[in-house]
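First up is the structure itself, then whatever we jot down about it.
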Amino acid sequence: MTTPNTEPQESPWHSCSIDAALTRQCTASEGLSKQDAAERLASGGPNLIQQAQGRSWYKRLVDQFNNILMLILVAAAVASLLLGHVLDAAAIVGVVVIIALIGFLQEGKAEQALQSIRNMLSPQANVLRDGHRSTVPAESIVPGDIVLIESGDRVPADLRLIETRRFCTDEAALTGESVPVEKQTSPVAADADLADRSSMAYASTMVVQGTAKGLVVATGRHSEIGKISELLRGVEQLKTPLLRQLDRAGRLLAIFILGAAGLTALLGTLIHGQPVAQMFMAAVGLAVAAIPEGLPAIVTIGLALGVQSMAKQNAIIRRLPAVETLGSISTIFSDKTGTLTRNEMTAQAIWLADTRYAIDGIGFAPEGNFHQLDADGNRQKDRTNVNEDAALSHFLRVATLCNDAELVHKEGLFSIHGDPTEGALIVAAEKAGIEVQSLREDHPRLDAIPFESEHKYMATVHTIDKKRHVLVKGAPDRLLEMCSQMRDESGTSPLENSVWEERIDVLSSRGLRVLAIAEVLATSEQPLEHETLQQGLTLLGIIGLLDPPREEAIQAVEQCLAAGIRPVMITGDHAATAKAIAKQLGFSQTERAVTGREIEAMSDAELEDIIVEVDVFARASPEHKLRLVKAMQARGGVCAMTGDGVNDGPALKRADVGVAMGIQGTEAAKEAAEMVLADDNFATIVKAIKEGRKVYDNIRKTITFILPTNGAQGLAIMLAVLAGSTLPVTPLQALWVNMVVAITLGLALAFEHGEADLMERQPRDPNAALLDMFLLWRVVFVSILLLAGVFGIFSWLLAQGESIALARSGAVNMLVTGSAAYLINSRFLIASTCSLNGIFGSRPVWCAIGLVMLLQLAFTYLPFMQLIFASEGLRITHWLAIVLASITIYLIIEIEKVFLRRRG
Numbered sequence: 001m002t003t004p005n006t007e008p009q010e011s012p013w014h015s016c017s018i019d020a021a022l023t024r025q026c027t028a029s030e031g032l033s034k035q036d037a038a039e040r041l042a043s044g045g046p047n048l049i050q051q052a053q054g055r056s057w058y059k060r061l062v063d064q065f066n067n068i069l070m071l072i073l074v075a076a077a078v079a080s081l082l083l084g085h086v087l088d089a090a091a092i093v094g095v096v097v098i099i100a101l102i103g104f105l106q107e108g109k110a111e112q113a114l115q116s117i118r119n120m121l122s123p124q125a126n127v128l129r130d131g132h133r134s135t136v137p138a139e140s141i142v143p144g145d146i147v148l149i150e151s152g153d154r155v156p157a158d159l160r161l162i163e164t165r166r167f168c169t170d171e172a173a174l175t176g177e178s179v180p181v182e183k184q185t186s187p188v189a190a191d192a193d194l195a196d197r198s199s200m201a202y203a204s205t206m207v208v209q210g211t212a213k214g215l216v217v218a219t220g221r222h223s224e225i226g227k228i229s230e231l232l233r234g235v236e237q238l239k240t241p242l243l244r245q246l247d248r249a250g251r252l253l254a255i256f257i258l259g260a261a262g263l264t265a266l267l268g269t270l271i272h273g274q275p276v277a278q279m280f281m282a283a284v285g286l287a288v289a290a291i292p293e294g295l296p297a298i299v300t301i302g303l304a305l306g307v308q309s310m311a312k313q314n315a316i317i318r319r320l321p322a323v324e325t326l327g328s329i330s331t332i333f334s335d336k337t338g339t340l341t342r343n344e345m346t347a348q349a350i351w352l353a354d355t356r357y358a359i360d361g362i363g364f365a366p367e368g369n370f371h372q373l374d375a376d377g378n379r380q381k382d383r384t385n386v387n388e389d390a391a392l393s394h395f396l397r398v399a400t401l402c403n404d405a406e407l408v409h410k411e412g413l414f415s416i417h418g419d420p421t422e423g424a425l426i427v428a429a430e431k432a433g434i435e436v437q438s439l440r441e442d443h444p445r446l447d448a449i450p451f452e453s454e455h456k457y458m459a460t461v462h463t464i465d466k467k468r469h470v471l472v473k474g475a476p477d478r479l480l481e482m483c484s485q486m487r488d489e490s491g492t493s494p495l496e497n498s499v500w501e502e503r504i505d506v507l508s509s510r511g512l513r514v515l516a517i518a519e520v521l522a523t524s525e526q527p528l529e530h531e532t533l534q535q536g537l538t539l540l541g542i543i544g545l546l547d548p549p550r551e552e553a554i555q556a557v558e559q560c561l562a563a564g565i566r567p568v569m570i571t572g573d574h575a576a577t578a579k580a581i582a583k584q585l586g587f588s589q590t591e592r593a594v595t596g597r598e599i600e601a602m603s604d605a606e607l608e609d610i611i612v613e614v615d616v617f618a619r620a621s622p623e624h625k626l627r628l629v630k631a632m633q634a635r636g637g638v639c640a641m642t643g644d645g646v647n648d649g650p651a652l653k654r655a656d657v658g659v660a661m662g663i664q665g666t667e668a669a670k671e672a673a674e675m676v677l678a679d680d681n682f683a684t685i686v687k688a689i690k691e692g693r694k695v696y697d698n699i700r701k702t703i704t705f706i707l708p709t710n711g712a713q714g715l716a717i718m719l720a721v722l723a724g725s726t727l728p729v730t731p732l733q734a735l736w737v738n739m740v741v742a743i744t745l746g747l748a749l750a751f752e753h754g755e756a757d758l759m760e761r762q763p764r765d766p767n768a769a770l771l772d773m774f775l776l777w778r779v780v781f782v783s784i785l786l787l788a789g790v791f792g793i794f795s796w797l798l799a800q801g802e803s804i805a806l807a808r809s810g811a812v813n814m815l816v817t818g819s820a821a822y823l824i825n826s827r828f829l830i831a832s833t834c835s836l837n838g839i840f841g842s843r844p845v846w847c848a849i850g851l852v853m854l855l856q857l858a859f860t861y862l863p864f865m866q867l868i869f870a871s872e873g874l875r876i877t878h879w880l881a882i883v884l885a886s887i888t889i890y891l892i893i894e895i896e897k898v899f900l901r902r903r904g
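Just so we're aligned: 150 in our numbering is position 150 of the sequence shown, and the numbers increase by one with no gaps anywhere.
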């Protein structure tokens, strides 16, 4: 193995010549061999910087008590101890610790889930290995590697630049410099400041323009970013708007509960003359009974389950609030290529000035023939020999040279390294028998202007027939503006724009993406500039590329429309192409496509008017995306926006949910987004929205389920004190009910599958209160039902001459069993559960009911539990009465649902 020189040198890397740097790293401009790279990785370690650590376990445990509801319980335990109620105090502390442990364990699982999902976003890098371009995980890069980077990439390691083309990086993360820095390859002074080392590109900085090739000189902790201990993004906090809303509700609830407890104790003392200490313990019991201390942990695990479920469906959530927002999405702005379509570009047609050709084959396999078309558009039977057709051969050679993609054949499969659109041109050239690698070696690239969305073309310089040629490939409407003549059988002729525009429309109306190819002789050896290409080019022809819609995207569009979600296509393609694809996908408003130029001509008010009438925006740039999002939000819409380029960042950040592409997306786009699609598939967005709706639905169900249990206990104690009667449930028993309900029944609803009509509802209003009037009514209604059941069983047992301890055991079991019955009601908030599926369709629900009943049997019959909680064993007749009362509660709630459904 050849070992690179990693020791400090007298001459820093930025002041080394390119040849000296390559020599020091024992490599060449073609890159390392795979074996050499593997050996260097084994000896030098991965290209990683120490990640910020999440909260320590003890900090996470202590944080469980940083909650006013839990603090009230701790205060109640202390007060009970001071009053000599040692058993009560010990039990309260025990239950508080158990609830804290549940929250501690669940948050730990949630943070681990988020971290594992974040690891799925491990950045990739393009390197040269064995002379060929390949994509590898950034952590496997080693000193001596040759890395290829372009606009939108995050620089994966410290690089000594050896080739640059209009290359600029944003070094704000390293130097604080907010203006992009222009880079070049010449050495700079050895004592140059970090911000002035223009021959270097540093790890973690972002490429904002151009392309470059660089030699890796430092990785991981040896890089500049590693030396200054710049920590990569740490574990995301689990505080979302929903949890903050629950915190606020918890504080209000605490004030109300304390007020009610204090007032109840005061009235019990003044009206009924009860001892102060006894009334204080009654107040403690009311507070303990009414506080839903397990709720925050249950909501947190519900969100974490949603994140994990989405990740399994290729939607990777980077920020937890996106889980909530997804349920409110009303508009999805989506790119076309690769998201709504398969991103399997195949060249189907080539039209030159005098002849037209059809190309066989689909996909990236270079298998298929060329057939010339007659005047009526019918293909000739005999295939065209491209080598004998000078115009067609030249067209394909230019398309190959002005191109960065490579066709890769591995394990019997063909794939593209690079942009699939460019890859389709390479496949077409291979079908024509052109040796791509030999052609590029015979005509090396001398200069280039990389493709940028604002310019809509790419240009390269090559020596062909001993003359410098500028080759240009790009959007046909843009190239028509730049061309003044066309290549035909006679040589060249004046360009007939109207004829070519008609041809572009014909191909576009078939759903083909159209590119134009042009060239011009270079007038000098000066560096290539945009200004020199704006006129005087010679058009060679156009090529139509097929990218068929994804079948699953067609179904997803249908689902969107049924769910009140409007899909909107934003594409750089021709308007006719966009409309044709939109119709195939089933978009609802495809009569008109608005172009980028039309958007630029509109005022904000005009755009806000048109945004709800048009589903297709063509020839649009990233800047237009931002205006479209703002216009839709001004109309009250909640938007998801897809993007993959560095310039999509502002629109992704502005959108309510920015969605980056995991395959084609740049690191800049992923950083700006809340969600990353691992498969770049529109259908995955719709699945994530469905999951987001389900998560929010389940959280509402959980809250609606838990609060009545607490409400019934609190009301039972309050009414008993105010009536001057015996408490039906002691503070310890109330705490027991809270605990067993929280760790069993409360968790079950988080695992519920979405209801059948989940994607038939209109999007949720993001400003709607979590506890709306319906949920408040349900909480009060069910609290009263459970209260009636508890008092009914308690009073009935006392009337039968049973002891207070046995009557209280009956009341506690009535409360838990009634809650179990209500759990089945809660599976559907409005829809009926009176069916086999409604009652028995959830395994988690019945597992929770089975577990809670085992705990209740232990509570009722085990001697040590009877000692702690002052319970007594019930007889079979008592259980029958409890079950009958619970079924009655279940049926009354189902009858209430009938009335709610009739009212709409």
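Where is the CB? At the ideal position from N, CA and C, for every residue including glycine.
> Are valine 737 and threonine 709 touching if we call contact CB-CB under 8 Å?
Replying inline: The sequence position of residue 737 within the sequence shown is 737, counting from 1. The sequence position of residue 709 within the sequence shown is 709, counting from 1. Yes; because the gap between Cβ atoms is below 8 Å, this pair is in contact.
> Which residues bound the alpha helix (DSSP H) around leucine 61?
Replying inline: Reading the sequence shown from its first residue, position 61 is the one you call residue 61. Leucine 61 -> alpha helix (DSSP H) spans 57-63.
> Hey, out of Ala556, Ala277, Leu495, Ala651, whose CA is closest to isoleucine 687's CA?
Replying inline: Here residue 687 is taken as the residue at index 687 of the sequence shown, counted from 1. A small fix is needed here, since residue 687 is lysine in this sequence, not isoleucine. Lysine 687 has its Cα closest to that of Ala556, out of Ala556, Ala277, Leu495, Ala651.
>> In the DSSP output, which residue or residues are listed as bridge partners for valine 207?
In response: Residue mapping note: residue 207 aligns to position 207 of the sequence shown, counting from 1. Valine 207 is bridged by DSSP to Thr169.
> Helix, strand or coil: which one does DSSP assign to glutamine 559?
Replying inline: Within the sequence shown, residue 559 is the residue found at index 559, counting from 1. Per DSSP, reduced to three states, the secondary structure at glutamine 559 is helical.
> Since isoleucine 98 contacts methionine 739 with CB under 8 Å, what's their CB separation in whole angstroms?
Replying inline: Numbered from its first residue, the sequence shown carries residue 98 at position 98. Numbered from its first residue, the sequence shown carries residue 739 at position 739. Indeed they touch by this definition, with Cβ atoms about 6 Å apart.
>> So, with DSSP's three-state summary, where would you put alanine 353?
In response: Working through the sequence shown from its first residue, we reach residue 353 at position 353. The answer is coil: DSSP assigns alanine 353 none of H, G, I, E or B.
> Under 8 Å, do alanine 77 and valine 96 count as touching if we go by C-beta distance?
Replying inline: Here residue 77 refers to the residue found at position 77 when the sequence shown is read from its first residue. Here residue 96 refers to the residue found at position 96 when the sequence shown is read from its first residue. Here alanine 77 is near valine 96, since their CB atoms are less than 8 Å apart.
>> By alpha-carbon positions, which one of Arg700, Val721, Gln733 ends up nearest to serine 826?
In response: Here residue 826 refers to the residue found at position 826 of the sequence shown. Here the closest residue by C-alpha is Arg700.
> How about glycine 302 and alanine 672: are their beta carbons less than 8 Å apart?
Replying inline: Here residue 302 refers to the residue found at position 302 of the sequence shown. Here residue 672 refers to the residue found at position 672 of the sequence shown. Result no, Cβ atoms of glycine 302 and alanine 672 do not sit closer than 8 Å.
>> Which of the three DSSP states is assigned to isoleucine 416 in this structure?
In response: The residue labelled residue 416 in the question sits at position 416 within the sequence shown. Secondary structure of isoleucine 416 (DSSP, three-state): strand.
> Can you list the alpha helix (DSSP H) stretches of 4 or more residues lying completely in the stretch 707-791, in chain order?
Replying inline: You should have 731-740.
> Terminal residues of the continuous beta strand (DSSP E) containing asparagine 126?
Replying inline: Reading the sequence shown from its first residue, position 126 is the one you call residue 126. According to the DSSP assignment, asparagine 126 belongs to the beta strand (DSSP E) that extends over 124-129.
> glutamate 30 by DSSP, collapsed to three states: which one?
Replying inline: Position 30 of the sequence shown, counted from the start, is the residue given in the question as residue 30. DSSP places glutamate 30 in coil when its eight states are reduced to three.
> Going by the beta-carbon positions, is the gap between threonine 400 and isoleucine 434 smaller than 8 Å?
Replying inline: Position 400 of the sequence shown, counting from 1, holds the residue named residue 400. Position 434 of the sequence shown, counting from 1, holds the residue named residue 434. Yes, the Cβ-Cβ distance between threonine 400 and isoleucine 434 is below 8 Å.
> Are glutamate 406 and leucine 471 close, meaning C-beta to C-beta below 8 Å?
Replying inline: Looking up residue 406 in the sequence shown gives position 406. Looking up residue 471 in the sequence shown gives position 471. No, the pair does not count as a contact, with Cβ atoms beyond the cut-off.
>> Helix, strand or coil for glycine 302? Go by DSSP, reduced to three states.
In response: If you number the sequence shown from 1, residue 302 lands on position 302. Under the three-state reduction of DSSP, glycine 302 is assigned to helix.
>> Nearest by alpha-carbon distance to leucine 747: which of Pro844, Gln437, Gly649 is it?
In response: Within the sequence shown, the letter at position 747 stands for residue 747. Taking only the C-alpha atoms, the option nearest leucine 747 is Pro844.
> What residue ranges within the stretch 572-621 form continuous alpha helix (DSSP H) runs of no fewer than 4 residues, ordered along the chain?
Replying inline: Listed in chain order, the complete alpha helix (DSSP H) runs (minimum 4 residues) inside the stretch 572-621 are 575-585, 596-601, 604-610.
>> So, with DSSP's three-state summary, where would you put glycine 474?
In response: Taking the first residue of the sequence shown as position 1, residue 474 is located at position 474. Strand.
> Do you know whose CA, among Ile162, Ala651, Gln485, Ala201, lies nearest serine 186's CA?
Replying inline: Residue mapping note: residue 186 aligns to position 186 of the sequence shown, counting from 1. Measuring C-alpha to C-alpha distances from serine 186 to each of Ile162, Ala651, Gln485, Ala201 identifies Ile162 as the nearest.
>> Considering only the alpha carbon of each residue, which of Met279, Ala21, Gln800 lies closest to leucine 727?
In response: Here residue 727 refers to the residue found at position 727 when the sequence shown is read from its first residue. Among Met279, Ala21, Gln800, the Cα nearest to that of leucine 727 is on Met279.
> Hey, quick one: how far does the beta strand (DSSP E) through lysine 410 stretch, first residue to last?
Replying inline: Position 410 of the sequence shown, counted from the start, is the residue given in the question as residue 410. From DSSP, the beta strand (DSSP E) with lysine 410 extends over 406-410.
> Distance, Cα to Cα, asparagine 387 vs aspartate 145?
Replying inline: Here the question's residue 387 lines up with position 387 in the sequence shown. Here the question's residue 145 lines up with position 145 in the sequence shown. Taking the straight line joining both Cα atoms gives about 39 Å.
> From histidine 753 to valine 299, what does the alpha carbon distance come to, in whole angstroms?
Replying inline: The residue labelled residue 753 in the question sits at position 753 within the sequence shown. The residue labelled residue 299 in the question sits at position 299 within the sequence shown. Straight across, the Cα-Cα distance linking histidine 753 with valine 299 is about 16 Å.
>> Any beta carbon from chain C within less than 8 Å of isoleucine 416's own beta carbon?
In response: In the displayed structure, chain C is absent; only one protein chain is listed.
>> Report the CB separation of isoleucine 542 from leucine 507 in whole angstroms; it is logged as a contact under 8 Å.
In response: Residue numbering aside, residue 542 sits at position 542 when the sequence shown is read from its first letter. Residue numbering aside, residue 507 sits at position 507 when the sequence shown is read from its first letter. Separation of the CB atoms of isoleucine 542 and leucine 507 is rounded to 7 Å, and the pair is thereby assigned contact status at 8 Å.
>> Measuring only the C-alpha atoms, how far is glycine 337 from asparagine 343?
In response: Against the sequence shown, residue 337 aligns to sequence position 337. Against the sequence shown, residue 343 aligns to sequence position 343. Strictly speaking, residue 337 in this sequence is threonine, with glycine absent from that position. If I take the Cα positions, the gap works out to 6 Å.
>> So, with DSSP's three-state summary, where would you put glutamine 534?
In response: Numbered from 1 along the sequence shown, position 534 holds the residue referred to as residue 534. Three-state DSSP puts glutamine 534 in coil, outside helix and strand.
>> Determine whether the beta carbon atoms of valine 779 and threonine 704 lie at a separation below 8 Å.
In response: To locate residue 779, count along the sequence shown from 1; it is residue 779. To locate residue 704, count along the sequence shown from 1; it is residue 704. Yes, the pair counts as a contact, with Cβ atoms nearer than the cut-off.
>> With DSSP as the reference, identify every bridge partner of phenylalanine 333, one or two as the case may be.
In response: Numbered from 1 along the sequence shown, position 333 holds the residue referred to as residue 333. In the DSSP assignment, the residues bridged to phenylalanine 333 are Val568, Met641.
> Contact between the stretch 585-593 and the stretch 710-721: three or more CB pairs below 8 Å?
Replying inline: Three or more Cβ pairs closer than 8 Å define a contact, and the stretch 585-593 falls short of that threshold against the stretch 710-721.
> Nearest CA to the CA of aspartate 19: which residue from Ala260, Gly214, Glu558?
Replying inline: For the purposes of this step, residue 19 is taken as residue 19 along the sequence shown, with counting starting at 1. Taking the Cα of aspartate 19 as reference, the smallest distance to any Cα among Ala260, Gly214, Glu558 is reached at Gly214.
> Using CA coordinates, which residue listed in Ile570, Asp419, Gly306, Phe333 is at the minimum distance from glutamate 150?
Replying inline: To locate residue 150, count along the sequence shown from 1; it is residue 150. Of the candidates Ile570, Asp419, Gly306, Phe333, the one whose C-alpha sits nearest the C-alpha of glutamate 150 is Asp419.
> What's the gap between the Cα of glutamate 613 and the Cα of lysine 625?
Replying inline: Taking the sequence shown and counting its residues from 1, one reaches residue 613 at position 613. Taking the sequence shown and counting its residues from 1, one reaches residue 625 at position 625. Separation of glutamate 613 and lysine 625 (C-alpha to C-alpha, rounded to the nearest whole angstrom) is 16 Å.
>> Taking only three categories from DSSP, how would you classify phenylalanine 828?
In response: What you label residue 828 is simply residue 828 of the sequence shown in a count that begins at 1. The answer is coil: DSSP assigns phenylalanine 828 none of H, G, I, E or B.
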